[in-house]
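Quick notes on the structure that follows.
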Amino acid sequence: MLQIYSDPVSLYCAKLRILLRHKAIDFEELAPPGGYGSEAYKSIVPSGNLPAMLHDGFQLADSEAIAEYLNEAFVDVPMLPVNLQLRAKAREKSRFHDTRLEPSVRAFFPQVAYAGRDADRVKALGEAMSQHLSALDLLLDHSPLDTSELYLCDCGFAVTFAWIHAFEADCGLQVTWPDRVRAYEERLHGFAAVAEELAAYKPAMDGYMTKAHAP
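In our numbering, the protein residues as written are 1313 to 1527.
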């Protein structure tokens, strides 16, 4: 059976589970031995990254590399377009998530704890996220990808959007959501794999966000 080293609250682990659910791949989740970043875990996965995969003796780390591998290893439910140029556009969209939007969201995590939260930093991070959401709006407007399909490039956005909403609700973050991005999020929620993963993931998110409130 496919085995995945993961952490309950990791965004990239949730991203990978959406793919696994959509492709109906049986898998077992494993906690990293000694915890995330431990020497025991690095003896198995040298990069120390989560998620990491073990498949028939083959080990691979990095969510995007794993996603590409699984898409080729389990072909019954393809999650990249057949056309060369459309595959390139899907990868472009995925890289936008991983190198633009998600890092701006990740930068907010130090502001979650109520104690020590910096209002100016929260405002600046909200402006940065809004700029990336505006860029995503343009990317969606020019996208030739089939909107009836769930592609590899979509999986991360569903989880990242959920974190932004959590920060808005509990940390005073203010973000501008373009209408096209809201419609894209709603479309993603229409896929069973996305809805099921977000429902299963919510307790971990909620547990993390408890630190956002005043004692």
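Where is the CB? At the ideal position from N, CA and C, for every residue including glycine.
- prompt: In chain order, what residues of the same chain lie with their CB nearer than 8 Å to the CB of V1321, ignoring the 5 residues before and after it?
  reply: One-based indexing of the sequence shown puts residue 1321 at position 9. Its chain contains A1516, M1517, G1519, Y1520 as the residues whose beta carbon lies nearer than 8 Å to that of V1321, once the 5 sequence neighbours on both sides are disregarded; these appear in chain order.
- prompt: With 16 other CB atoms within 10 Å as the buried threshold, where does K1514 fall?
  reply: Here residue 1514 refers to the residue found at position 202 of the sequence shown. It is exposed - the Cβ of K1514 has fewer than 16 other Cβ atoms within 10 Å.
field: the segment 1427 to 1434 / the segment 1350 to 1367 touching (three or more Cβ pairs under 8 Å)
entry: Contact annotation: the segment 1427 to 1434 does not touch the segment 1350 to 1367, with fewer than three C-beta pairs closer than 8 Å.
message: Can you tell me whether M1365 is helix, strand or coil according to DSSP?
response: Taking the first residue of the sequence shown as position 1, residue 1365 is located at position 53. In this structure, M1365 counts as strand in the three-state DSSP scheme.
- request: Between the Cα of S1460 and those of G1360, M1391, Y1348, S1318, spot the shortest distance and give me the residue it belongs to.
  value: Here residue 1460 is taken as the residue at index 148 of the sequence shown, counted from 1. Answer by Cα proximity: M1391.
query: What's the call for E1533, buried or exposed, on a 16-neighbour Cβ count within 10 Å?
result: This structure does not reach residue 1533, given that the chain is present from 1313 up to 1527, and the question cannot be answered.
- prompt: For N1361, is the classification buried or exposed, using 16 other Cβ atoms within 10 angstroms of its Cβ as the cut-off for buried?
  reply: For the purposes of this step, residue 1361 is identified with residue 49 of the sequence shown, where counting begins at 1. Counting Cβ neighbours within 10 Å, N1361 comes out buried, since at least 16 surround it.
- request: With distances taken Cα to Cα, identify the nearest neighbour of A1512 among Y1317, S1416, L1323.
  value: Counted from its first residue, the sequence shown places residue 1512 at position 200. Taking only the C-alpha atoms, the option nearest A1512 is L1323.
field: Pick from H1477, F1503, T1522 that is closest to V1417, judged by C-alpha positions
entry: Counting from one through the sequence shown, the residue named residue 1417 turns up at place 105. Nearest of H1477, F1503, T1522 to V1417, Cα basis: H1477.
- request: Kindly list the residues whose CB is nearer than 7 Å to the CB of D1449, restricted to its own chain and excluding five residues on each side of it in sequence; keep chain order.
  value: Within the sequence shown, residue 1449 is the residue found at index 137, counting from 1. Closer than 7 Å at Cβ, skipping near neighbours: P1490, R1492, V1493.
- prompt: In the DSSP assignment, what are the bridge partners of I1356?
  reply: Residue numbering aside, residue 1356 sits at position 44 when the sequence shown is read from its first letter. Answer by DSSP bridge pairing: none, since I1356 is not bridged.
- request: May I ask which residues mark the beginning and end of the beta strand (DSSP E) holding A1373?
  value: Along the sequence shown, one-based indexing puts residue 1373 at 61. Note, A1373: beta strand (DSSP E), 1370 to 1373.
- prompt: According to DSSP, is Y1496 helix, strand or coil?
  reply: Here residue 1496 refers to the residue found at position 184 when the sequence shown is read from its first residue. Looking at Y1496 - three-state DSSP - the assignment turns out to be helix.
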